[in-house]
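Below is one structure, written out as structure tokens; the observations come after it.
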Amino acid sequence: SNHDKDLHTYESYMATRPKSWENNAIKLLIKLCKEYQTPIHIVHLSSSEALDDIARARKEGLPISAETCPHYLHFTSEKITDGDTRFKCAPPIRDEENKKQLWEGLISGTIDFITSDHSPCLSELKKLSEGKFDLAWGGISSLQFSLSVIWTECIDQGLSFSHLTNWMSSNPAKFVGIDHCKGQISSGYDADLVCWNPDESFVVEPNIINFKNKITPYEGEKLFGIVKRTYLRGNTIFDKGQFVNGPLGKSILNSDAEKN
2 SNHDKDLHTY
12 ESYMATRPKS
22 WENNAIKLLI
32 KLCKEYQTPI
42 HIVHLSSSEA
52 LDDIARARKE
62 GLPISAETCP
72 HYLHFTSEKI
82 TDGDTRFKCA
92 PPIRDEENKK
102 QLWEGLISGT
112 IDFITSDHSP
122 CLSELKKLSE
132 GKFDLAWGGI
142 SSLQFSLSVI
152 WTECIDQGLS
162 FSHLTNWMSS
172 NPAKFVGIDH
182 CKGQISSGYD
192 ADLVCWNPDE
202 SFVVEPNIIN
212 FKNKITPYEG
222 EKLFGIVKRT
232 YLRGNTIFDK
242 GQFVNGPLGK
252 SILNSDAEKN
């Protein structure tokens, strides 16, 4: 039926989550922020139409912050093939012009930082064989590729490495109140480091994916920046494509941040 055919189109999915819904939700948050003077953080911003409202609220001194994600900064709706449910996430990936404006929002500082919004699922939950967006799991696994995706976009736009470190290291550390020990390479700070080659490129293929579920819209994308080694608090945890030394992560609790 036509109805079924429609549910295969990416447009049909975008229509279920229009920009206006996102814009109105953000307007409401700004109103509440003004009323109660309480900090508001906007997660995975995808509608660039909300940027003016956010910028205006910040100019008024309201405690508002915002983040966006790699998929909104890399993919565009025009290039998503009907039935390719790997691209389904909420809010949706929007149009080319929208992507351009999100980048402008980052550069101007209206958007504070970039988060992965890592949302894995079993491959079958994406319902790729049926290709119907209404049935598919909404979410993209971005953790492994965030650095390379954002760096690739930075190269395309002639943006410097310092932009990337602000958006992915120092600003997030500041936001969660741990910028006394994380977010920069400095004496006395945790040695959370990535050794990488920013000039080397790779193509995303299932055999290099470290998540359990290999289904990804990044498959086939050529990205710059190959991670060679990762350190957590000075300990090597990833080296030459392999995880080493087991999990060494420590919970960072609010009380710890407040003590320092």
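Numbering (the numbering used here), first residue to last: 2 to 261.
Here a beta-carbon is modelled for each residue, glycine too, at the ideal position from N, C-alpha and C.
Please read all numbers here as calculations on a predicted model, not as lab measurements.
With respect to the alpha helix (DSSP H) encompassing residue i, which residues constitute its N-terminal and C-terminal limits?
i, result
"W57", "For clarity, residue 57 is Arg in the given sequence; the question names Trp instead. Looking at the DSSP string, the run of the alpha helix (DSSP H) that includes R57 is L52 to K60."
"L107", "E97 to S109"
"T166", "F162 to T166"
Which class does residue i belong to by DSSP, given the choice of helix, strand or coil?
i, result
"P248", "coil"
"T17", "helix"
"D240", "strand"
"Y190", "coil"
"E68", "strand"
"K229", "strand"
"I31", "helix"
"L126", "helix"
"K223", "strand"
Under a Cβ-count criterion, where at least 16 other Cβ atoms within 10 Å of its own Cβ denotes burial, should residue i be classed as buried or exposed?
i, result
"K223", "exposed"
"C196", "exposed"
"D193", "buried"
"H42", "exposed"
"T69", "buried"
"V245", "exposed"
Along the chain, where does the beta strand (DSSP E) containing residue i start, and where does it finish?
i, result
"S78", "Premise fails: S78 is in no beta strand (DSSP E) and is neither H nor E."
"D200", "L194 to V204"
"V150", "V150 -> not in any beta strand (DSSP E); alpha helix (DSSP H) instead, spanning S147 to Q158."
Contact defined as beta carbons within less than 8 Å: I believe residue i pairs with residue j. What is the distance between those atoms, to the nearest angstrom?
i, j, result
"N198", "K229", "7 Å"
"K120", "S147", "This sequence places Ser at residue 120; Lys is not what is there. S120 to S147, Cβ: 13 Å. No contact."
To the nearest angstrom, how far is the alpha carbon of residue i from that of residue j?
i, j, result
"T217", "S149", "15 Å"
"L160", "F212", "29 Å"
"Y14", "H181", "43 Å"
"H38", "A58", "Inspection of the sequence shows that residue 38 is occupied by Gln rather than by His. C-alpha separation (whole angstroms): 12 Å."
"G184", "T77", "30 Å"
"G132", "S124", "13 Å"
"S130", "I55", "40 Å"
"D200", "C34", "43 Å"
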